[in-house]
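Under our numbering, the first residue of the sequence shown is numbered 1, with each subsequent residue one higher.
Quick reminder that beta carbons are idealized off the backbone N, C-alpha and C, glycines included.
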Amino acid sequence: MTIERYRVRVTKDHLVFSAAHFITFNGNICERLHGHNWRVAVEVAGPLDENSYVFDFIALRDATQRLANELDHHVLLPTQHSAIHVTADEHEVTATFEKRRWVFPREDCVLLPVANTTAELIARWLAGRLKEAIRQHPGGKQLESIRVEVEENFGQWAIYETEISA
Numbered sequence: 001m002t003i004e005r006y007r008v009r010v011t012k013d014h015l016v017f018s019a020a021h022f023i024t025f026n027g028n029i030c031e032r033l034h035g036h037n038w039r040v041a042v043e044v045a046g047p048l049d050e051n052s053y054v055f056d057f058i059a060l061r062d063a064t065q066r067l068a069n070e071l072d073h074h075v076l077l078p079t080q081h082s083a084i085h086v087t088a089d090e091h092e093v094t095a096t097f098e099k100r101r102w103v104f105p106r107e108d109c110v111l112l113p114v115a116n117t118t119a120e121l122i123a124r125w126l127a128g129r130l131k132e133a134i135r136q137h138p139g140g141k142q143l144e145s146i147r148v149e150v151e152e153n154f155g156q157w158a159i160y161e162t163e164i165s166a
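Right under this line is the structure:
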């Protein structure tokens, strides 16, 4: 018996976002605030539908573009980090790590429910949000998996893959 597997993938020059972040590593080292021109690629897998599609390219592209636009030209801050403390009100966001403190206008920040703003966890966050969008689409019910790739720097990709039903 032959097992067939189908996938569709979108990656476009405009599926990018420019955003600032900082991460921690080795327990107590915190990078300086810096930015990247991040690039996103998304792939979904599943059986063919009655139109011989896995999923509509345009719907996948547009959902990915909306998320890239949400992150574009913002500071990305983690809300679940054990040592970076982020507080926000309607006007400003304050982030602290040990003796360091950053204050940003609220509209310049995206607070992400992640432990660290690494490319890996941003890919996982994007996949979660895309799964929500896919489930709303008529063609999304048969999909089996999603793979999100985030390029932080040229040639440096983080990849997250999960089942759609998960």
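Are the CB atoms of residue 161 and residue 145 nearer to each other than 8 Å? yes
Sequence-distant residues of its chain with Cβ nearer than 7 Å to residue 31 (five each side left out): 22 and 23
Is residue 5 helix, strand or coil when you go by DSSP? Of the three classes helix, strand and coil, the one that applies to residue 5 here is coil, per DSSP.
Can you tell me whether residue 37 is helix, strand or coil according to DSSP? Note: residue 37 maps to strand in three-state DSSP.
Secondary structure of residue 117, DSSP reduced to three states: coil
What residue from 33, 97 and 38 has the CA that sits closest to residue 64's CA? 38
By the DSSP assignment, the beta strand (DSSP E) with residue 94 in it spans what residues? 92-97
Burial state of residue 75, where buried means 16 or more other Cβ atoms lie within 10 Å: buried
Return yes when the Cβ of residue 133 is within less than 8 Å of the Cβ of residue 149, no when it is not. no
Would you decide whether residue 117 is buried or exposed? Buried here means 16 or more other CB atoms lie within 10 Å of its CB. buried
Near residue 61, what residues of its chain come up, given a Cβ to Cβ distance below 8 Å and the 5 sequence neighbours on each side ignored? The answer, listed in chain order, is 10, 12 and 15.
Identify which residue in 72, 71, 100 and 25 has its Cα closest to the Cα of residue 85. 100
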